[in-house]
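90 is the number of the first residue of the sequence shown in the working numbering; add one for each residue after it.
All residues carry an ideal CB built from backbone N, CA and C; glycine is no exception.
Read through the structure below, which is laid out as structure tokens, and then see the notes.
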Amino acid sequence: MRQLARRLAIELGFQACELERMTLGDLLWWLAEGEE
90 MRQLARRLAI
100 ELGFQACELE
110 RMTLGDLLWW
120 LAEGEE
């Protein structure tokens, strides 16, 4: 799951250092926001 989230975030333009600070909850919230 974490590898998938990391790859997705990198493809969407997140930097690795940003992703390290991001929790799974943050990522899920961000993905939900993007779908609206």
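Under 7 angstroms from any heavy atom of the ligand FMN, does the C-beta of residue i make it?
i: Arg91; result: In terms of ligand content, the structure shown is empty, and the ligand FMN therefore cannot be addressed.
Measure the beta-carbon distance from residue i to residue j and round it to whole angstroms, keeping in mind my assumption that it falls under 8 angstroms.
i: Ala98; j: Leu116; result: 7 angstroms
Closest by CA to residue i, which one among the options?
i: Gly123; options: Leu101, Arg110, Gln92; result: Leu101
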